[in-house]
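Chains as they are written, first to last, in UniProt numbering: chain A, 1 to 110; chain B, 1 to 509.
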């Protein structure tokens with residue numbers, strides 16, 4: 001589900017990302033990147049597991065956003081999802097936030 | 001014909017009828033062109049007053065034959081359908097409703113059987129009584145044949161044991177048969193979806209291009225395609241695609257036939273042999289146990305059901321330093337295995353040239369980006385851990401590229417995790433490696449592993465890592481080979497593993 005709030009567009013993804021839905025996840029990310037705003041949030045609050053292909057897609061989307069002078073951040077990174085992101089060292093190149101509000105505050109400069 | 005018709009008209013003195021019949025005769029030209037037969041009759045005597053000249057084409061008889069012979073309808077009707085053909089008269093015995101009958105006639109000129117649709121209408125008098133009956137007969141032979149063929153095709157599709165589906169010219173699914181549902185789990189919900197929803201290969205564009213090129217060239221394309229079942233599992237089937245074109249030559253449908261598993265038994269057996277061989281090759285490139293002053297290294301590898309992307313290796317760099325490397329390519333299957341092998345071929349040179357973790361990972365990242373990065377998109381990546389052990393200084397310099405943290409068990413019972421490093425190799429254009437450095441005491445044990453060791457069971461990833469560490473701890477004093485044998489027994493008891501499992505143990509003096 002995609003929502004827009006001012007200059008920020010948020011994709012809320014609430015299912016675990018597995019072999020079954022990884023293509024849909026990629027399509028949702030591509031749609032988000034195509035939005036006419038520069039500040040993008042992927043809210044993964046309901047996600048407990050993400051497979052290796054899903055991780056690759058997030059990394060790919062972050063880099064694609066940068067190439068278009070946009071910024072994509074991840075929100076809802078808590079619990080087991082935070083552990084996965086920690087292991088794969090995603091914080092070294094992606095902004096990760098525990099809540100969507102924190103991500104919005106980051107974009108708002110608060 | 002006009003003269004004959006005029007004679008019949010003269011016998012009826014009602015002016016309105018005459019006008020009507022004359023009008024109809026004028027219309028005859030129009031009706032005849034469209035292969036319809038129009039007739040008008042007095043129902044009580046079953047006396048035909050008018051029939052359009054197109055009757056000659058449909059029935060093989062001129063209109064005069066109809067005017068002369070009152071039993072003509074029975075004669076031209078198929079013997080089994082005479083009752084149906086006669087029903088038009090009884091329809092107007094009491095009620096003034098329109099009716100329609102489909103029945104067979106026999107063309108009297110060539111003897112061919114034709115299906116007709118006869119629609120009848122009452123012509124009412126002033127008091128609302130049925131004065132005349134008019135009818136339009138249309139030749140339905142072609143339509144009926146098409147309908148029969150369609151029904152037959154539908155029955156065949158349903159009864160076919162071979163799974164099949166039909167897409168339109170744009171590769172949107174239009175039809176599936178029950179065998180397809182049985183094999184894949186996909187039901188009617190897939191109708192209308194693009195074909196690549198069902199595809200589990202790595203490049204959708206390739207599939208469409210291959211099918212288009214193959215069918216354009218010879219009308220048919222055959223290939224082994226990796227499809228996806230509804231439950232997400234992949235299956236590979238020999239697939240035959242035929243293009244169905246319209247009269248104008250445009251492709252309107254693609255028919256996909258999936259070979260049954262029995263058709264594939266011999267090729268599957270051959271493929272299993274290939275996979276077995278590939279697994280064997282993959283195992284053979286793993287480093288053999290090494291025993292030197294101050295260090296003993298050994299590893300174990302249990303492949304999953306399919307080919308995987310785990311690999312480990314170690315190299316003496318100089319008299320006091322050893323590089324130990326373990327990697328896990330994203331996903332499974334032949335592609336992961338091949339990437340693994342391509343990295344293996346580079347590794348010796350990369351480690352001997354780069355030596356330290358930062359340089360080794362940067363160089364591997366450069367290779368991965370060069371080899372497996374297409375059109376600005378990442379196609380493959382791998383996680384890895386690399387430890388450079390200095391046995392004289394008793395120092396480990398390491399980095400973990402998105403890999404589960406290795407363990408350094410110290411003789412005093414403490415355990416350090418190798419959790420510093422960088423993102424997986426191949427994901428990013430440039431890697432920023434934050435390597436770590438650990439000192440160890442004589443008798444320490446270094447354990448590196450792939451995520452197959454922490455898969456399955458319950459709990460979070462962190463809990464599984466800790467559970468694996470705690471399971472190792474009581475046996476950590478065993479030598480490297482005994483410890484690995486114990487781990488093998490433990491994991492082999494679990495049956496076929498969903499992911500590769502590999503562990504490297506280095507005993508440090």
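Using N, Cα and C, we set each Cβ at its ideal position, and we do this for glycine too.
With at least 16 other beta carbons inside 10 angstroms of its own, residue 331 of chain B counts as buried. Scanning its chain for C-beta atoms nearer than 7 Å, with the 5 sequence neighbours on each side dropped, one finds around residue 298 of chain B the residues 289, 480, 481, 484, 505, in chain order. In the DSSP assignment, residue 348 of chain B falls outside any beta strand (DSSP E) and within the unbroken alpha helix (DSSP H) covering 334 to 354.
Flagged as an interface residue toward chain A: residue 331 of chain B, by a C-beta distance shorter than 8 Å. Interface flag for residue 88 of chain A against chain B is set, since a Cβ pair is found closer than 8 Å. With a threshold of 8 Å between beta carbons, residue 93 of chain A makes contact with chain B.
Taking a beta-carbon distance threshold of 8 Å, residue 422 of chain B counts as an interface residue toward chain A.
Assigned with DSSP and collapsed to three states, residue 454 of chain B falls in helix. Residue 39 of chain B and residue 132 of chain B have their C-alpha atoms spaced approximately 10 Å apart. The criterion of a C-beta distance shorter than 8 Å is satisfied by residue 421 of chain B and residue 400 of chain B.
For residue 7 of chain A, the secondary structure class from DSSP, reduced to helix, strand or coil, is coil.
Counting along the chain, the unbroken beta strand (DSSP E) around residue 257 of chain B starts and ends at 251 to 258. The CB of residue 428 of chain B comes closer than 8 Å to the CB of 59, 63, 93 in chain A, given here in chain order. DSSP, read as helix, strand or coil, puts residue 461 of chain B in helix.
Taking a cut-off of 8 Å for Cβ pairs, the stretch 351 to 369 of chain B and the stretch 437 to 444 of chain B do not touch, as fewer than three such pairs fall below it.
Between residue 82 of chain A and residue 292 of chain B, the alpha-carbon positions lie close to 40 Å from each other. Check the Cα spacing between residue 118 of chain B and each of B:86, B:60, B:339: the tightest is with B:86. Residue 398 of chain B is bridged by DSSP to B:387, B:436.
Within chain B, no C-beta atom comes nearer than 7 Å to that of residue 17 of chain A; the closest sits roughly 12 Å away. The continuous stretches of alpha helix (DSSP H) do not include residue 228 of chain B, which lies in the beta strand (DSSP E) extending over residues 220 to 228.
Chain order gives the chain B residues near residue 53 of chain A as 330, 331, where near means a beta carbon separation below 9 Å. When rounded, the separation of the alpha-carbon atoms in residue 34 of chain A and residue 65 of chain A is 9 Å. Spatial neighbours of residue 137 of chain B in its own chain (CB-CB distance under 6 Å, excluding positions within 5 residues in sequence) are listed in chain order as 37, 116, 118.
Residue burial annotation: residue 40 of chain A is buried, with at least 16 other C-beta atoms found within 10 angstroms of its C-beta.
Residue 465 of chain B and residue 499 of chain B have their C-alpha atoms spaced approximately 16 Å apart.
When rounded, the separation of the alpha-carbon atoms in residue 387 of chain B and residue 28 of chain A is 38 Å.
For a Cβ distance threshold of 9 Å, residue set 52, 55, 56, 59 of chain A lies close to residue 381 of chain B, ordered along the chain. Below the 8 Å Cβ cutoff, chain B contributes 460, 461, 462 as neighbours of residue 80 of chain A, in chain order. Inclusion of residue 245 of chain B and residue 251 of chain B in the CB contact set at 8 Å is warranted, their separation being smaller than that value. Put simply, the backbone Cα of residue 494 of chain B is about 15 Å away from that of residue 502 of chain B. At a cut-off of 8 Å between beta carbons, residue 232 of chain B contacts chain A. Residue 404 of chain B reaches chain A at 87, counting residues in chain order whose Cβ is nearer than 9 Å. Residue A:19 holds the alpha-carbon nearest to the alpha-carbon of residue 234 of chain B among A:19, A:13, A:7.
Beta-carbon to beta-carbon, residue 17 of chain A and residue 51 of chain A are separated by about 6 Å, close enough to satisfy the 8 Å threshold. Rounded to the nearest angstrom, the Cβ distance from residue 508 of chain B to residue 444 of chain B is 5 Å, consistent with a contact under 8 Å. Residue pairing by DSSP puts residue 314 of chain B in a beta bridge opposite B:324.
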